[in-house]
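Okay, structure first, notes after.
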Amino acid sequence: MIKWMLKVLIIDGMDHHQRPAKVLSCVPSLGEEVVGLAASALHEGKLVVFPTETVYGLGANALDEEAVQKIYQAKGRPPQNPLIVHVGSVDQARHLSADWPEVAEQLARRFWPGPLSLVVPRAPCIPDAVSAGLDTIAIRSPAHPVALQVIQRAEIPVAAPSANPSGYVSPTRVEHLAKSIIEAAEWVLDAGPCPGGIESTVVDVTVTPPRVLRPGLISREELASLIGDVLGPETASTSRPRSPGLLGRHYAPRARVVVIPRDQLAALHELAERSGTSRFGCLLLHGTCHHPDILVAERMPTDVAGYAHRLYDALVRMDRAGVDIIVVEEPPDGPEWDAIRDRLRRAALW
Ligand code: TXA
Ligand code: MG
Numbered sequence: 326m327i328k329w330m331l332k333v334l335i336i337d338g339m340d341h342h343q344r345p346a347k348v349l350s351c352v353p354s355l356g357e358e359v360v361g362l363a364a365s366a367l368h369e370g371k372l373v374v375f376p377t378e379t380v381y382g383l384g385a386n387a388l389d390e391e392a393v394q395k396i397y398q399a400k401g402r403p404p405q406n407p408l409i410v411h412v413g414s415v416d417q418a419r420h421l422s423a424d425w426p427e428v429a430e431q432l433a434r435r436f437w438p439g440p441l442s443l444v445v446p447r448a449p450c451i452p453d454a455v456s457a458g459l460d461t462i463a464i465r466s467p468a469h470p471v472a473l474q475v476i477q478r479a480e481i482p483v484a485a486p487s488a489n490p491s492g493y494v495s496p497t498r499v500e501h502l503a504k505s506i507i508e509a510a511e512w513v514l515d516a517g518p519c520p521g522g523i524e525s526t527v528v529d530v531t532v533t534p535p536r537v538l539r540p541g542l543i544s545r546e547e548l549a550s551l552i553g554d555v556l557g558p559e560t561a562s563t564s565r566p567r568s569p570g571l572l573g574r575h576y577a578p579r580a581r582v583v584v585i586p587r588d589q590l591a592a593l594h595e596l597a598e599r600s601g602t603s604r605f606g607c608l609l610l611h612g613t614c615h616h617p618d619i620l621v622a623e624r625m626p627t628d629v630a631g632y633a634h635r636l637y638d639a640l641v642r643m644d645r646a647g648v649d650i651i652v653v654e655e656p657p658d659g660p661e662w663d664a665i666r667d668r669l670r671r672a673a674l675w
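According to our numbering, the sequence shown is numbered sequentially starting from 326.
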């Protein structure tokens, strides 16, 4: 029963006819007043939902342990999963780290503000809750004007995971936010769809060579072209995961996600028979699928950036349309598709 209720809460988004007063519009322009309200709320230890260039974040003052705890509560996030701290400058990042290696400096200078989180040794001013007790901290400077202006006005580092209930798809629009997240926030800043659409690349620079812990829109190749050797994520067989948030099913809609090669899309009726359900959604690239019970079929952009921008929005809409299974046409093999394949693999446990 509780499980069932949780599912309902999770997929139950904002009622479009009753846009809460706490949702503040930042388009077409970001008002000074809105920036001020958000910055003050952060100072008062409250939570603010804000857009970044990747996904929407649920932010709190990273130096205020009690405020940070509210994030874990609101998301139902396991306490061992550390948060990313958002900063307004490379200087601010240096102050939050016990050591700022030369590679961190190089990467930050080249890719910030942008979708790259750097894992570095943690400074003592960072509360345990932020880094879930680890001696490292993930830091990034977001490339979204709303996020940057709020952080710069507040003049505090902002801890912010994606603004979804733990395990669910990250929101890329305010319309995706669960009611429980809206309720937990003091303000929700609405700037429309996030351009990137999937979460930042997380790279650990405390090890040599640096290692990508979570692939994202900045590829391993791009990092390597600047700093040389970069390792990929550890496989499941390696002993202790370096990024606790990467365990198990994640970035997942309520519906079951099944990733299948294009040449098997034609056999959808077999899947329907085997699974005993026929309420399908299909995310297609080049293929086609035919079945009388397909509720929603969507053709995705064939370029990585376009696909990433649309992916979570498509998954949320299919969930809300009530499909039981989302059939995803397997994306291409190339390294530029690593991040997309990673998110689909986690959503599907594929
Ligand atoms: O694009 C993004 O990164 C978004 C926006 C809001 O900035 N944020 C985001 O945060 O995706 P979250 O909490 O959903 O994911 C943070 C990831 C998790 O996989 C977590 O385990 C990892 O970063 N992480 C955070 N701190 C870490 C640390 N000290 N060491 C290793 N991994 C860390
Ligand atoms: Mg997340």
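For every residue, glycine included, the Cβ atom is placed at its ideal position computed from N, Cα and C.
Have a look at the options and flag the residue whose alpha-carbon is nearest the alpha-carbon of residue i.
| i | options | result |
| --- | --- | --- |
| Ser525 | Ala630, Val584, Arg599 and Asp424 | Ala630 |
| Ser505 | Ala673, His368, Leu383 and Arg670 | Leu383 |
| Pro518 | Cys351, Gln343, Lys347 and Pro345 | Cys351 |
| Gln343 | Ile507, Pro657 and Ile552 | Ile507 |
| Leu640 | Asp628, Thr627, Pro656 and Glu623 | Glu623 |
| Ala509 | Val360, Glu390 and Gln394 | Gln394 |
| Pro496 | Met643, Asp638 and Arg666 | Asp638 |
| Pro403 | Pro490, Cys450, Gln431 and Arg666 | Pro490 |
| Leu609 | Gly601, Val360 and Arg635 | Arg635 |
| Arg447 | Pro440, Pro657, Val360 and Asp460 | Asp460 |
| His616 | Ser600, His594, Thr627 and Thr602 | His594 |
| Met625 | Asp644, Arg604, Pro656 and Ala597 | Pro656 |
| Pro535 | Arg478, Asp588, Gly439 and Glu427 | Glu427 |
| Gly361 | Pro345, Arg478 and Ala597 | Arg478 |
| Ala749 | Ile650, Arg666, Leu596 and Asp644 | There is no way to answer for residue 749, as the model of the chain reaches only from 326 to 675. |
| Pro449 | Asn406, Glu390 and Leu596 | Glu390 |
| Ile520 | Glu661, Glu654, Gly439 and Val373 | Contrary to the premise, residue 520 reads as Pro rather than Ile in this sequence. Nearest C-alpha to Pro520: Gly439. |
| Leu368 | Ile476, Pro540, Ile396 and Pro345 | It is worth fixing the name first, because residue 368 is His in this sequence and not Leu. Nearest option by C-alpha distance: Ile476. |
| Glu654 | Asp644, Glu661 and Thr627 | Thr627 |
| Ile650 | Asp424, Trp662 and Thr602 | Thr602 |
| Gln405 | Gln417, Lys371, Val494 and Ile462 | Ile462 |
Taking residue i as part of the alpha helix (DSSP H), name the residues at either end of that continuous run.
| i | result |
| --- | --- |
| His594 | Leu593 to Ser600 |
| Ile506 | Lys504 to Ala509 |
| Arg635 | Val629 to Arg645 |
Does the separation of the CB atoms of residue i and residue j fall below 8 Å?
| i | j | result |
| --- | --- | --- |
| Ser307 | Gly413 | Outside the modelled stretch of the chain, which goes from 326 to 675, sits residue 307, for which no answer is possible. |
| Val513 | Val499 | yes |
| Val584 | Cys614 | no |
| Tyr576 | Ala646 | no |
| Val528 | Gly557 | no |
| Gln474 | Leu355 | yes |
| Glu358 | His469 | no |
| Val415 | Arg434 | yes |
| Glu511 | Lys347 | yes |
| Val530 | Ala457 | no |
| Leu669 | Val532 | no |
| Ser487 | Val380 | yes |
| Gly492 | Arg419 | no |
| Leu542 | Ile523 | yes |
| Ala580 | Val471 | no |
| Gln398 | Ile552 | no |
| Leu349 | Asp554 | no |
| Ile464 | Leu408 | no |
| Gly612 | Arg587 | yes |
With 16 as the cutoff for other CB atoms within 10 Å, does residue i come out buried or exposed?
| i | result |
| --- | --- |
| Glu480 | exposed |
| Ala485 | buried |
| Ala454 | buried |
| Ala664 | buried |
| Lys332 | Bear in mind that a pLDDT of 36 at Lys332, under 50, signals an unreliable position, so the model cannot answer this. |
| His501 | buried |
| Cys607 | buried |
| Val445 | buried |
| Asn386 | buried |
| Glu546 | exposed |
| His411 | buried |
| Ser564 | With a pLDDT of 43 at Ser564, under the threshold of 50, the predicted position of this residue should be treated as unreliable, though the coordinate-derived value follows. Per the 10 Å Cβ criterion, exposed. |
| Gly659 | exposed |
| Ala592 | exposed |
| Leu674 | exposed |
| Ser600 | exposed |
| Pro578 | buried |
| Ser550 | exposed |
| Asp644 | buried |
Along the chain, where does the beta strand (DSSP E) containing residue i start, and where does it finish?
| i | result |
| --- | --- |
| Glu654 | Ile650 to Glu654 |
| Asp515 | Trp512 to Asp515 |
| Asp667 | Asp667 -> not in any beta strand (DSSP E); alpha helix (DSSP H) instead, spanning Asp663 to Ala673. |
| Asp529 | Thr526 to Asp529 |
| Leu349 | Val348 to Ser350 |
| Glu546 | No beta strand (DSSP E) contains Glu546, which is instead part of the alpha helix (DSSP H) from Arg545 to Ile552. |
| Glu480 | First-last for Glu480: undefined, no H or E at that position. |
| Val583 | Arg581 to Ile585 |
| Gly606 | Phe605 to Leu609 |
| Ala622 | Ile619 to Arg624 |
| Arg536 | Arg536 to Arg539 |
For this session: Can you check the segment 361 to 397 for any beta strand (DSSP E) of at least 3 residues that lies completely inside it and give the ranges in chain order?
Result: 373 to 375 and 382 to 386
For this session: Report the residue ranges of all beta strand (DSSP E) runs contained in full by the segment 402 to 475; include only those spanning at least 3 residues, in chain order.
Result: 409 to 411, 441 to 446 and 461 to 465
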